[in-house]
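I have placed the structure first, in the form of structure tokens, so that the comments after it can refer back to it.
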Amino acid sequence: MLEQYNEAFWFFCGVFVYRFLSKAFTYGHLSNMVKEINDQILKMLGAISADTAFARSIKYKHLTDSGIPEEQIEIIKKLDDKAFTGWKAICIAHMFTNCPKIYRNTMKFSDWEGAMEQLEVVYARELARNKRFQPKREKNEKK
């Protein structure tokens, strides 16, 4: 009796294994995609932060050149610092709240400083990857 269901048993075992492996590979690919998206977001936040710092330095130079008293400029700097610190905290908080819980372990940071340290790791990894894939020059080739 059981011998006649042997093929059906192996068929359903194959279906189960296929579904399990398919889900496992999908989870792995999505985890890599979320990690890459997070890396790109960190790059964007780093660039925005650098541009903002540059714009603020120009702003303070123009304020000084326009004759505004130093005390008022210091007040403006403190307000700008407070707003910028809040913006950085909000950006990191939004990254965590908008990332699906199952993929939050791909983020190796919890605050702005940790995010910028992770950004340095991302840049170092890309630099190493680019060095590895650059074509080797011939000894006779001019540099």
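Just so we're aligned, residue 388 is where the sequence shown starts under my numbering, counting upward by one.
A virtual CB, placed ideally from N, CA and C, is assigned to each residue, including glycine.
Closest option to residue 498, judged by alpha-carbon separation, among 517, 390, 478: 478. Ranked by Cα distance from residue 481, the first of 398, 441, 408, 425 is 425. When the beta-carbon positions are compared, residue 421 and residue 510 stay at least 8 Å from each other. A residue is called buried when at least 16 other Cβ atoms come within 10 angstroms of its Cβ; residue 502 meets this threshold and is buried. Taking 8 Å as the cut-off, the Cβ atoms of residue 472 and residue 460 do not count as close. Residue 486 carries a coil assignment under DSSP once its states are collapsed to helix, strand and coil. Spanning the alpha carbons of residue 441 and residue 401 requires a straight line of approximately 60 Å. In this structure, the straight-line span from the alpha carbon of residue 447 to that of residue 410 is close to 54 Å. In summary, residue 432 is buried, with 16 or more beta-carbon neighbours lying within 10 Å of its beta-carbon over all protein chains present. Taking each of 520, 392, 512, 484 in turn and checking the Cα distance to residue 430, the smallest one comes out for 512. Here residue 462 carries a helix assignment [DSSP, helix/strand/coil].
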